[in-house]
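J.:
Residue numbers (the working numbering): 1 to 279.
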């Protein structure tokens, strides 16, 4: 072919235009996807509007990975992991206890505990051994549709403190917004004197009450030989998904300060490695 002929330059121009077109393909054409399973009505953790702190944290992770974030929504009940992650509907589940056996977890990104919730003008309680508890109306969280006992209920039961307990299902009325808020609202209104609540729920909903509430991490941190009140919280992936786990771990480490600030914004009470409150 003649290098100076019009047909040669036409061919070169066509090749150049094709290469240029490749440069301007939509960014998402072959973008990585981060598929997350979460509860659509489980504040302060997640909701379908993306307002929960777990929503915000996975947005940070997705941005770090350059991935498109997509959700599969599923009520967080018994069988959640089996019906979502293990069924292939998603690749990542935020807010899972570290070392949960049914999946592989990332490095924890916060540690919290059960807390006592009281009104600021009410009794100050910091231990399950406080004798004041025996005369108080105590709200406790019941887990699952069968009303199983949470660790604080077991701790109170071991001490014979059972006469004035009031149970509140942790799932609450799922047809209404903020199902778990009821137990904290009951402290604010004086319906009960004290509640023992999972820390992130207590801290978030306490901020929204019309009266000031006191949040105090429970002690003992581990009651009896095997009843922990403290949990490290991670994200979960399938056991074989080493690549995603490593990538998420790196993203969480890079954005630790941002995540810590976000948790503080949502009122999440945290403990450090020694079990002392994070200020």
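C-beta atoms are modelled at their ideal positions from N, C-alpha and C, and glycine is treated no differently.
What does DSSP give as the partner residues of residue 141 in its beta bridges?
T.: One-based indexing of the chain shown puts residue 141 at position 141. Beta-bridge pairing links residue 141 to 168.
J.: Restricting to Cα atoms, I'd like to know which of 72, 32, 42 is closest to residue 205.
T.: Indexing the chain shown from 1 puts residue 205 at position 205. With distances taken between Cα atoms, residue 205 lies closest to 42.
J.: Given that a residue counts as buried once 16 or more other Cβ atoms are within 10 Å of its Cβ, and exposed if not, what is residue 129?
T.: For the purposes of this step, residue 129 is taken as residue 129 along the chain shown, with counting starting at 1. Classification for residue 129: exposed.
J.: Can the beta-carbon of residue 111 be found less than 8 Å from the beta-carbon of residue 270?
T.: Against the chain shown, residue 111 aligns to sequence position 111. Against the chain shown, residue 270 aligns to sequence position 270. In this structure, residue 270 lies closer than 8 Å to residue 111 by Cβ.
J.: Among the candidates 76, 65, 214, whose CA atom is the shortest distance from the CA of residue 115?
T.: Position 115 of the chain shown, counting from 1, holds the residue named residue 115. Nearest C-alpha to residue 115: 214.
J.: Using a threshold of 8 Å, state whether the C-beta atoms of residue 71 and residue 49 are closer than that.
T.: Counting from one through the chain shown, the residue named residue 71 turns up at place 71. Counting from one through the chain shown, the residue named residue 49 turns up at place 49. In this structure, residue 49 does not lie closer than 8 Å to residue 71 by Cβ.
J.: Based on the DSSP secondary-structure assignment, which residues constitute the bridge partners of residue 67?
T.: Within the chain shown, numbered from 1, the residue matching residue 67 stands at position 67. The partner list for residue 67 (beta bridge, DSSP) reads 32.
J.: I need the straight-line Cα distance from residue 196 to residue 223, nearest angstrom please.
T.: Working through the chain shown from its first residue, we reach residue 196 at position 196. Working through the chain shown from its first residue, we reach residue 223 at position 223. Cα to Cα, the separation comes out at about 14 Å.
J.: Relative to the C-alpha of residue 120, which residue among 87, 194, 152, 174 is closest?
T.: The sequence position of residue 120 within the chain shown is 120, counting from 1. For residue 120, the nearest C-alpha among the options comes from 194.
J.: Under 8 Å between the Cβ atoms of residue 237 and residue 91?
T.: As a working mapping, residue 237 is identified with position 237 in the chain shown. As a working mapping, residue 91 is identified with position 91 in the chain shown. Yes. Within cutoff.
J.: Is the Cβ-Cβ distance between residue 104 and residue 67 less than 8 Å?
T.: Taking the chain shown and counting its residues from 1, one reaches residue 104 at position 104. Taking the chain shown and counting its residues from 1, one reaches residue 67 at position 67. In this structure, residue 67 does not lie closer than 8 Å to residue 104 by Cβ.
J.: If we call anything under 8 Å between Cβ atoms a contact, is residue 143 one with residue 162?
T.: Your numbering for residue 143 matches position 143 in the chain shown. Your numbering for residue 162 matches position 162 in the chain shown. No, Cβ-Cβ distance for residue 143 and residue 162 is not below 8 Å.
J.: Just reading off the alpha helix (DSSP H) that residue 155 is part of, what are its end residues?
T.: Walking along the chain shown from the start, residue 155 turns up at place 155. Segment 151-158, the alpha helix (DSSP H) holding residue 155.
J.: Rounded to whole angstroms, what's the CA-CA distance from residue 36 to residue 264? Just pull it up for me.
T.: Numbered from 1 along the chain shown, position 36 holds the residue referred to as residue 36. Numbered from 1 along the chain shown, position 264 holds the residue referred to as residue 264. Their backbone Cα atoms lie some 23 Å apart in a straight line.
J.: Rounded to whole angstroms, what is the Cα-Cα separation between residue 275 and residue 216?
T.: Taking the chain shown and counting its residues from 1, the one referred to as residue 275 is at position 275. Taking the chain shown and counting its residues from 1, the one referred to as residue 216 is at position 216. Going from the Cα of residue 275 to the Cα of residue 216 covers about 13 Å.
J.: How many angstroms separate the CA atom of residue 295 from the CA atom of residue 52?
T.: Given a span of 1 to 279 for the chain in the structure shown, any question on residue 295 remains unanswerable.
J.: Which stretch, first to last residue, makes up the alpha helix (DSSP H) that contains residue 174?
T.: If you number the chain shown from 1, residue 174 lands on position 174. Neither: residue 174 is in no alpha helix (DSSP H) and is coded neither H nor E.
J.: Could you check which residue in 243, 109, 140 has the C-alpha nearest to that of residue 257?
T.: In the chain shown, counting from the first residue as 1, residue 257 sits at position 257. Among 243, 109, 140, the Cα nearest to that of residue 257 belongs to 109.
J.: Which of the three DSSP states is assigned to residue 80 in this structure?
T.: Here residue 80 is taken as the residue at index 80 of the chain shown, counted from 1. Here residue 80 sits in helix by DSSP.
J.: Give a yes or no on contact between the stretch 85-101 and the stretch 178-188, applying the rule of three or more CB pairs nearer than 8 Å.
T.: As far as the Cβ criterion goes, the stretch 85-101 does not touch the stretch 178-188, which means the pair count is below three.
J.: Just the C-alpha distance for residue 172 and residue 273, rounded to the nearest angstrom, thanks.
T.: Counted from its first residue, the chain shown places residue 172 at position 172. Counted from its first residue, the chain shown places residue 273 at position 273. In a straight line, the C-alpha of residue 172 is about 32 Å away from that of residue 273.
J.: Are the Cβ atoms of residue 188 and residue 64 separated by less than 8 Å?
T.: Mapped onto the chain shown, residue 188 falls at position 188. Mapped onto the chain shown, residue 64 falls at position 64. No.
J.: Could you check where the alpha helix (DSSP H) with residue 248 kicks off and where it finishes?
T.: Residue 248 sits at position 248 when you count from the first residue of the chain shown. 242-254 is the extent of the alpha helix (DSSP H) around residue 248.
J.: Considering only residues of the same chain and omitting the five flanking positions on each side of residue 27, which have a CB-CB separation below 6 Å?
T.: On the chain shown, residue 27 is found 27 positions in, with the first residue counted as 1. Residue confidence for residue 27 is low, a pLDDT of 48 falling below 50, so the modelled location carries little weight; the figure read from the coordinates is stated next. The answer is none, since no qualifying residue turns up.
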